[in-house]
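This report concerns only the one structure given below.
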Amino acid sequence: MDPYARLDWEEKVKEYVANLQAGIRELNKAIPKTPEEQHRVFLLKKQLVDELVAEAMIDGKRDIQVEFRAKIMDQEVRKKLLDFPNDGEIVVRL
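Count along the sequence shown starting at 1, add 2, and that's the number in the numbering used here.
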């Protein structure tokens, strides 16, 4: 049996994306009242971009290509993927 088949990737990815979308919606709805709150929201958004975006490119036609990455944080899954490239980091180009 394929060792990757038992990892239930589809459900893990769906849950990850749902949680990520919920967090982004909350950040976008935030209405900071003080400069400190504005700065805190800015830092949270920056951290999100830093964590998820590996590279963004705009070509001469103004088309945007973004390379996203996601780190596999589940230790059990990482142990099963010892030979996975990039220390368990997944990179996707859109």
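Ideal Cβ placement from N, Cα and C applies to all residues, glycine included. Every value quoted in this text rests on a predicted model; they were computed, and no experiment measured them.
Item, Value
"Scan the region 18 to 68 and note each continuous alpha helix (DSSP H) run of 4 residues or more that stays entirely inside, going in chain order.", "37 to 54"
"If you reduce the DSSP assignment to three classes, tell me which class residue 84 lands in.", "In this prediction, residue 84 scores a pLDDT of 47, lower than 50, which makes its location untrustworthy; the coordinate-derived value is nonetheless stated afterwards. Coil, per DSSP."
"Can you check which of these residues, 17, 61, 27, is closest to residue 46 by C-alpha distance?", "27"
"Hey, how far is the Cα of residue 22 from the Cα of residue 53?", "12 Å"
"Could you give the distance in angstroms between the alpha-carbon of residue 34 and the alpha-carbon of residue 16?", "30 Å"
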